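Asks: My numbering puts the first residue of the sequence shown at -12, with every later residue one more than the last.
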Amino acid sequence: MSEKAIVPVEEKAVIFYDDQVVAVRLPNDEIFVPIRPICDAMGLNWSGQRQRIQRNPVLSEVLQIVRLSRDNTSGGNPNVLCMPLDYLNGWLFGIDANRVRPEIRDRLIRYQKECYRILTQAFQKQEVTAAATIAGIDVDELLHSSDDPEAYAYRIALAVANMARQQLVLRYQLHEQGGRLDDHAQQLGAHAERLDLIESTLGDSSRHISAAQASHISQAVKAIALELGKRSGRNEFGGVYGELYRRFSISGYRELPASRFEEAVKFLTEWHQSLVGDAPF
């Protein structure tokens, strides 16, 4: 660990239930998290946790001193000990929730379950927003509606990556928690089957809607998103596509099963009519 404090290029205070968690982006684009504020928020002893982290051969190597702004240090020492966001769960899951005081157990489990995801999403949202303004191009709509192979590959890769991440978490839980092994093993098997299904059907166009049907779906989504955007002042394409994907369990509208095309059209039509009455798309 370098003793010289690094000045971050970005600081972000993220609301996490009743707490405020700070994370920073360093010049090399890595996201780091101050450790002590999280210890304090969970009610853990900072001295004990610091010693445990420094004894760990992996975590001790990735620690970094970062200089925070005065706003995030309450006027105290601005140089704080941080660890990469990617290693946060490695530390959190090393704390046995069954061995802490009962009054802090629920808070610890909440951090173990959700803190990494919330912090990751906070920085990802900013990246997506910035990308969506490049040259006036609506990147969000482009990624979800484009016929280009790059956009299709992006949607498939995103679905596979999400499932792979879930598998990784489940494997870790299997290793760390001896109980309920059978339940976790069944979940792992189910995720593996879903991954195999995605990979085996990438090129099977007979399962999916035609190009003309896909265009119809795209136009319906566009009409709904534009109407919602008039009311919210935001880009609503991602939200509309997201609801469509969730309802029909797909990662791209072109993957909609042909047998469910009429059902999807009915769903989008009713949504549009709820916004504008009986006006057509």
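From the three backbone atoms N, C-alpha and C, an ideal C-beta is built for every residue, glycine too.
A quick note: this is a predicted structure, and the numbers were derived from the prediction, not measured.
Measuring straight from C-alpha to C-alpha, what distance separates Leu55 and Val8?
Replies: So the two alpha carbons sit approximately 13 Å from each other.
Asks: Using alpha carbons as the reference points, say which of Tyr240, Arg218 and Thr256 lies closest to Tyr228.
Replies: Checking every option, the nearest Cα to that of Tyr228 belongs to Tyr240.
Asks: Whole beta strand (DSSP E) runs in the segment 30 to 75 with 3 or more residues, listed along the chain?
Replies: 51 to 54 and 66 to 71, all fully within the segment 30 to 75.
Asks: From the DSSP output, which residues share a beta bridge with Lys(-1)?
Replies: DSSP output for Lys(-1) lists Ala10 as bridge partner(s).
Asks: Could you tell me the distance, in whole angstroms, from the CA atom of Lys(-9) to the CA atom of Asn66?
Replies: Between Lys(-9) and Asn66, the C-alpha separation is close to 9 Å.
Asks: Take the Cβ of Glu223 as the centre, count every other Cβ of all protein chains shown within 10 Å, and call the residue buried at 16 or more, exposed below.
Replies: Answer is buried; the Cβ neighbour count reaches 16.
Asks: Mapping the DSSP letters down to three states, classify Val263 as helix, strand or coil.
Replies: Helix at Val263.
Asks: Write down the C-beta distance between Phe248 and Gln200 rounded to the nearest angstrom, noting that I regard them as a contact closer than 8 Å.
Replies: About 5 Å; that satisfies the 8 Å criterion.
Asks: Counting only the same chain and skipping the five closest in sequence on each side, list residues whose C-beta sits under 6 Å from that of Arg142.
Replies: Excluding sequence neighbours, Arg142 sits near Ser238 and Gly239.
Asks: Where does Asp5 fall in DSSP's three states?
Replies: Note: Asp5 maps to coil in three-state DSSP.
Asks: When the Cα of Thr107 is compared with those of Leu72, Arg88, Leu243 and Ala207, which residue comes out closest?
Replies: Thr107 has its Cα closest to that of Leu72, out of Leu72, Arg88, Leu243 and Ala207.
Asks: How should Pro(-5) be labelled, buried or exposed, when 16 other C-beta atoms within 10 angstroms of its C-beta is the threshold for buried?
Replies: It is buried - the Cβ of Pro(-5) has at least 16 other Cβ atoms within 10 Å.
Asks: Return helix, strand or coil for Ile(-7), following the three-state DSSP convention.
Replies: Strand at Ile(-7).
Asks: By the 10 Å Cβ neighbour count, where 16 or more other Cβ atoms means buried, how is Ala269 classified, buried or exposed?
Replies: Nothing can be reported for residue 269, as the shown portion of the chain is limited to -12 through 268.
Asks: Whole angstroms are fine: how far does the CA of Ile96 sit from the CA of Tyr103?
Replies: Roughly 12 Å separates the two Cα atoms.
Asks: What first and last residue would you give for the beta strand (DSSP E) that runs through Ile211?
Replies: Per DSSP, Ile211 belongs to no beta strand (DSSP E); it is in the alpha helix (DSSP H), Ala198 to Ser219.
Asks: From Val272 to Glu101, what distance separates their C-alpha atoms?
Replies: Any question about residue 272 goes unanswered here, given that the chain covers just -12 to 268.
Asks: Leaving aside the five residues before and after Leu215 along the sequence, list all residues of the same chain whose C-beta is less than 6 Å from its C-beta, in chain order.
Replies: Cβ neighbours of Leu215 beyond the five flanking positions: Glu223.
Asks: Can you name, in chain order, every residue of its own chain whose Cβ lies under 6 Å from the Cβ of Ile196, other than the five neighbours on each side?
Replies: Cβ neighbours of Ile196 beyond the five flanking positions: Leu243, Ala245 and Phe248.
Asks: Going by the beta-carbon positions, is the gap between Leu46 and Ile40 smaller than 8 Å?
Replies: Yes, Cβ-Cβ distance for Leu46 and Ile40 is below 8 Å.
Asks: Which whole-angstrom value describes the C-beta separation of Glu251 and Ile204, a residue pair presumed to lie in contact below a C-beta threshold of 8 Å?
Replies: Position check: residue 251 holds Ala in this sequence, whereas Glu was assumed. Yes, they are in contact, since the Cβ atoms of Ala251 and Ile204 sit about 6 Å apart, within 8 Å.
Asks: If we ignore side chains and look at the alpha-carbon of each, how far apart do Ile105 and Val1 end up?
Replies: Their backbone Cα atoms lie some 8 Å apart in a straight line.
Asks: Near Ala117, what residues of its chain come up, given a Cβ to Cβ distance below 8 Å and the 5 sequence neighbours on each side ignored?
Replies: Legend: pLDDT at Ala117 = 40, less than 50; position of this residue unreliable, no value from coordinates given.
Asks: So the candidates are Arg86, Tyr98 and Lys217; which of them puts its Cα closest to the Cα of Trp78?
Replies: Nearest of Arg86, Tyr98 and Lys217 to Trp78, Cα basis: Tyr98.
Asks: For Tyr74, is the classification buried or exposed, using 16 other Cβ atoms within 10 angstroms of its Cβ as the cut-off for buried?
Replies: It is buried - the Cβ of Tyr74 has at least 16 other Cβ atoms within 10 Å.
Asks: What does DSSP give as the partner residue(s) for Phe19 in the beta ladder?
Replies: Its beta-bridge partners are Val11 and Pro71.
Asks: If you draw a straight line from the C-alpha of Leu189 to the C-alpha of Phe235, how long is it?
Replies: Bear in mind that a pLDDT of 48 at Leu189, under 50, signals an unreliable position, so the model cannot answer this.
Asks: Count the other C-beta atoms from every protein chain shown that fall within 10 angstroms of the C-beta of Ala144, then say buried if there are 16 or more, exposed otherwise.
Replies: Exposed, by the Cβ-count rule.
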